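S.K.: Following this message is one structure expressed as structure tokens.
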Amino acid sequence: MKFTGRVLLLAILLQTQTVCFKIWLFSEKPRTTTHQQMTETAILDVSAEACRTLAKAEGRDFVLPTGPLSAESLAMACAAADSAKPFRTSINTIRFGNAETDVVFLLSSERHFDNEQILRGHERIKTGLEAVKANIRLKNFIAARWTLGETLHTLQDFYSHSNWIEMGKRVPFSSLIKPDVIIRNIADEKTPTCGECDGQNCNNILQSILNDQLLTTGYFGLTKPDGKCSHGDFPDLSSLLPPKGGINKDDEDSIHGGLHTVAVEVATAATRELLQDIRGAAGDQDFLRLMGVTRSSSVLCFVIDTTGSMSDDIEEVKRVTLSIIDSTRGTPDEPPAYILVPFNDPDFGPLIRTTDADIFKAQVNALTATGGGDFPEMSLSGLQLALTGAPPSSKIFLFTDATAKDDHLRSTVLALIESTQSVVNCMLTGVLSGARRRRTPNDDQQNQRLRFFDRSSIQLYQELALASGGQAIQVTKKDLPQATSIIEDSTSSALVTIFQAVRNPGKAENFSFIVDDSLRKLTVYITGSSPIFTIISPTGATQNNTESSGVLGSIQTAGNFRTVRLNTTEQGGVWEIRVDSTQAYTIKVIGQSGIDFLFNFVEIFMEPQPGFQILSGRPSANKNATLLVTVTGESVSLTGVELVPTSGAQPVNTTVEDRGQGDYLATVDRLPEGEFAVRVTGLTGVVSRTSHNLFQRQTSTQLRTSGVTVTVSALVNDSWGPGTNLTIPFTIASNATGSGSSFTIQARNDRGFSSSFPSSVTLEAGGRGAGTVTLTAPSDTASGTDVTLTIEAEAPGGSDSNYAVQRLTVIAKPTDILSPTCEVVSVNANCTGNCTLLSWELSANLTDGNGTGIARITVRQGSGTLNTTVVTGVDGLNVTLATYRASCCSEEVELVAVDAVGNVGVCSRSIRASSSTAEPPATAPVATTMAPTTAPTTAPTTPPTTAPTTSMHTESMTSQITAANSTSGGQSSLASPCSFWFSLIPFSLINILTH
Ligand SMILES: *[C@@H]1O[C@H](CO)[C@@H](O)[C@H](O)[C@H]1NC(C)=O
Ligand SMILES: [Ca+2]
Ligand SMILES: [Ca+2]
Ligand SMILES: [Ca+2]
């Protein structure tokens, strides 16, 4: 949400109910911990546990890195060294979702637990958790990350804004992440909660509130009910009213700043607890995928024309796919997922996404070339589907021999390329205008007509490829196999772009770029019709375009595309490429390296409190702008960030400020007009006299500025279920065009949901206008489906345009909010003696009652083996009989049972003779330890009639221990019972807005 104008700002000052733990970009105080830091710490901790468990399951060693965890060190330990960048990207998205809560949801007191909105805050967290789980089930990880960030913000704020810490609690309030618990013991609206206080760190919460363990939170704004606590600190004016003072612990100088550090500790533990619940629901593999820790980098994505004339191309796609799958299986280059989007005419899609290479092989093998009617095909519809379904920074390969029938999608596709930073390579095998196409027996009847690419349709594919930093490769069908090596190159993990230039029209020019010692497999792509070029190494060695094999490497030509593979010895330093051509050409230099960067344009707000938001559309030309740049790579530092105009004009320098932990802010007073790329330089951290420790990286994506802004306002209603409508209000603004001018509006979504929106919006005084988009989710939409909505506004005459991209999720009302239950039937453990020679066994019955059913049972702790059998119980319900066998040296077991909607039940047992009370399960220490203290503040909802008697909530752990012991009867010598129950469930709900 963008606020300009004094009046609006004042309105916010008066109404806002936020102010939270600080946002990381802005905390200058060394002892203040931000939302972002808590989030990152917890993500690293829980990811490390998931990696450890997964490594164990796969028989690999896992060694926790020494020193503080970082994305780089953990990626390495997780046997996914090349995933540092996707890991950081995911962490950033979660952090952005978190930060956004202070901007988009500024006015929502429940999202910040202000104004005693404890029940609604709880609801908000439950809703968020459920949406995240539903997204993960459908592998919609991007949407899941945004929602997770928002949800964590609310959870973390509880510890700063409530009296939980003042009540003496030093563990998380676990009920906040449980859907089947009703929080009681909240101070009611009539009950005074605070006394008068002048100054910092008073004990102003009334003793009676503390004695009764009543929960309250601070009021924020202009007024508050009598006797209530305020948030405190500027700009909370209510803290000046009696009882004066406040209770927030947002930072070390806050009114209760003396408790900031402890609030941060507990909020971080609570963050871990929520992440552990998601981990339980998702499983370790998907949890790590959510975090971007996968054993390779790039998803392989094909968008393929399947109309009649494409049989040669399809055969080549089959060949390349097989070759890549076979050569990368089990290596770090193995794609983490495969995506296939066929398109024809009039049909296109569906998008097929799989992590299973064999399924993908079968899908590709099933492709046939048929139909298509007239010459043009639905290529951009296919591309749009791929851009929205593939993760950001994907490499997409489009195969076609025809013009785009749906070229009206051009601006939407461009917007998606810019916002996802994905690279689109077009493999164009059509015949160029003027040349006759030879008929082949493969051609079907409709191909008998003369058909050709005209210049303008080639230009459209070129424009899209170039905007993304990809290539538009024109080859004959016969030569296509020589061009597809670019696809194999793209599966190399840790692929980085070092340099890129586009000259259209072409002109003679010398280009130089820096190569550092971390780079491997240095490759130059040059497209253009017969460009003359010479490459000069740092030592002065040269090779020109006529030497297919020379001192510097080899050159391969396919159609208009040249691949230069450089030898990897003696390559550090400054390289030069001299090109002489009057025809348009492109140069791209890539390599493999763990050093890379991510960036986003951000909008920074200083009032009413510092905060920032990621810009989803094009940044404004001729205005100041801020880039948030994150570098990846161990001990790497950034020294410069420049904006390189695509036109070839002088790069524009930025002022770079180091914000710590790999984050930098780069600011520029005036953004250049037109297209540009972002280029960074820095030091690799390798210190040696002979090493080339200066590095350079560049974005592939060409960014462009606009004089138009499109902004989506906070959603009026943020719940969106199947069969319902969602209304998305937006505003447009233009500094160039005055009031009265009419902007053309387009709203498109990738799911083909029906939508309504105004065809145009007329600007009012001040150059602003507003409208709404209404999207309808069909009633059969699966819960967790994400929808990418692109709203575009085009200035009169098409001179300028901009867009906003929103990711939305459809969430069905859950029918199942209860976790699976576990009943230990027997434990046989005779472990006296040498433990390596002895084993023990546990039998348990698990069931989800009449819920959605147990989808998965896994062993999270313990190195034994688990066998399960499903039987139908007397009441007709499924019961899973589980038998766990382990060496007596492995004394603990923790079974995780997840139902079909992600409710997690945990069943743990220890045979350790010395422990006389339940060992806190390592993954949820908090819940166990806090059980006695939280009991008074919460109560489970009415117990489900279907739940076995042993099912318990964490809060009732003590009584549950008794129950379990009595159940296990003869095994009572075993000290620890089956402690149980972390039912974290979904329940009402809704869609969460993200973008
Ligand atoms: C390219 O290199 C070859 C071999 O060094 C040389 O004979 C030729 O003259 C060069 N061509 C150009 C255009 O520089
Ligand atoms: Ca065709
Ligand atoms: Ca057609
Ligand atoms: Ca259930």
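Residue numbering for the sequence shown follows the numbering used here, starting at 105 and increasing by one per position.
Beta carbons: idealized from backbone N, C-alpha and C, even for Gly.
Only a predicted model underlies this, so the values are computations on that prediction, with no experimental measurement involved.
Compute every distance between the C-beta of G657 and the non-hydrogen atoms of ligand 3, then say whether any falls below 6 angstroms.
M.R.: no
S.K.: Below 6 angstroms CB to CB, which residues in the same chain sit around L158 once its five sequence neighbours on both sides are set aside?
M.R.: Excluding five sequence positions before and after L158, the CB atoms of its chain that fall closer than 6 angstroms to its own CB belong to D388, given in chain order.
S.K.: From D206 to F503, what distance separates their C-alpha atoms?
M.R.: Approximately 43 angstroms, taken between the alpha carbons.
S.K.: Measuring straight from C-alpha to C-alpha, what distance separates K727 and T758?
M.R.: 13 angstroms
S.K.: Take D478 as the anchor and find which of R457, D505 and R1013 has the nearest alpha-carbon.
M.R.: D505
S.K.: What is the DSSP secondary structure of F665, reduced to helix, strand or coil?
M.R.: strand
S.K.: To the nearest angstrom, how far is it from the Cα of R666 to the Cα of F200?
M.R.: One C-alpha to the other measures close to 40 angstroms.
S.K.: For M271, which three-state DSSP category applies?
M.R.: coil
S.K.: Between A473 and ligand 2, is there a pair consisting of the residue's CB and a ligand heavy atom that are separated by less than 6 angstroms?
M.R.: no
S.K.: Using alpha carbons as the reference points, say which of G663, A645, L626 and G654 lies closest to S634.
M.R.: G663
S.K.: Is T758 near ligand 1 - that is, is its Cβ less than 6 angstroms away from at least one heavy atom of it?
M.R.: no
S.K.: Looking only at its chain, what residues have a beta carbon closer than 6 angstroms to the beta carbon of Q660, apart from the 5 residues adjacent to it on each side?
M.R.: T667
S.K.: Using the Cα positions of P440 and L985, report the straight-line distance between them to the nearest angstrom.
M.R.: 34 angstroms
S.K.: Does at least one heavy atom of ligand 4 sit under 6 angstroms from the Cβ of D952?
M.R.: yes
S.K.: Out of G654, I408 and S413, point me to the one whose CA is closest to K422's CA.
M.R.: I408
S.K.: Return yes when the C-beta of G1105 is under 6 angstroms from any heavy atom of ligand 4, and no when it is not.
M.R.: In the structure displayed, the chain extends from 105 to 1099; residue 1105 sits before or after that span and is not available.
S.K.: Please classify R624: is it buried, with 16 or more other beta-carbons within 10 angstroms of its beta-carbon, or exposed?
M.R.: exposed
S.K.: Just tell me which of V963, E896 and T973 has its CA closest to the CA of S523.
M.R.: E896
S.K.: Please identify the residue among F338, D1003, Q563 and T631 whose C-alpha is closest to the C-alpha of T956.
M.R.: Considering only alpha carbons, the answer is D1003.
S.K.: Is any heavy atom in ligand 4 found nearer than 6 angstroms to the beta carbon of N219?
M.R.: no
S.K.: Going by DSSP, what residue range makes up the alpha helix (DSSP H) through I198?
M.R.: That run of the alpha helix (DSSP H) goes A188 to E204.
S.K.: Let's see if you can read the secondary structure: which residues bound the alpha helix (DSSP H) around S416?
M.R.: According to the sequence as given, residue 416 is Asp; it is not Ser. From DSSP, the alpha helix (DSSP H) with D416 extends over S415 to T432.
S.K.: Use the C-beta contact count for M710: other C-beta atoms within 10 angstroms, 16 or more gives buried, fewer gives exposed.
M.R.: It is exposed - the Cβ of M710 has fewer than 16 other Cβ atoms within 10 Å.
S.K.: In this structure, how does DSSP classify I443 when only helix, strand and coil are distinguished?
M.R.: strand
S.K.: Applying the criterion that 16 or more other CB atoms from any shown protein chain within 10 Å of the CB defines a buried residue, is R164 buried or exposed?
M.R.: Using a 10 angstroms sphere on the CB of R164, the tally of other CB atoms stays under 16, which defines it as exposed.
S.K.: State the DSSP-derived secondary structure class of D390, mapped to helix, strand or coil.
M.R.: Three-state result, D390: helix.
S.K.: Go through the residues and name those whose CB comes closer than 7 angstroms to any heavy atom of ligand 1, in chain order.
M.R.: I636, T638, N648, T650 and E651
S.K.: Look at K914 and G384 and say whether their C-beta atoms are less than 7 angstroms apart.
M.R.: A quick correction: the sequence has Val, not Lys, at residue 914. It is not a contact, given that the beta carbons lie outside the stated cut-off.
S.K.: Just to confirm the assignment: which complete beta strand (DSSP E) runs, minimum length 3, are found wholly within the region 791-867?
M.R.: Correct list: 798-802, 812-816, 829-838, 846-853, 858-860 and 864-866.
S.K.: Compute the distance between the beta-carbons of R872 and T892, then report whether it is under 7 angstroms.
M.R.: no
S.K.: If I follow the unbroken beta strand (DSSP E) through F245, where does it start and stop?
M.R.: Careful: F245 lies outside any beta strand (DSSP E), inside the alpha helix (DSSP H) at F245 to H265.
S.K.: Please list, in chain order, all residues of the same chain as R855 whose beta carbon is under 6 angstroms from its beta carbon, the five residues on each side excluded.
M.R.: V891
S.K.: For I602, count neighbouring C-beta atoms within 10 Å of its own C-beta (all shown protein chains included) and say buried if the count is 16 or more, exposed if not.
M.R.: buried
S.K.: F799 and S817 look like a contact to me (Cβ under 8 angstroms); what is the Cβ gap, rounded to whole Å?
M.R.: So it is not a contact: roughly 41 angstroms between Cβ atoms.
S.K.: Hey, could you find the ends of the alpha helix (DSSP H) E176 is sitting in?
M.R.: A175 to A181
S.K.: If you draw a straight line from the C-alpha of T672 to the C-alpha of L626, how long is it?
M.R.: The straight-line gap separating the alpha-carbon atoms of T672 and L626 is approximately 7 angstroms.
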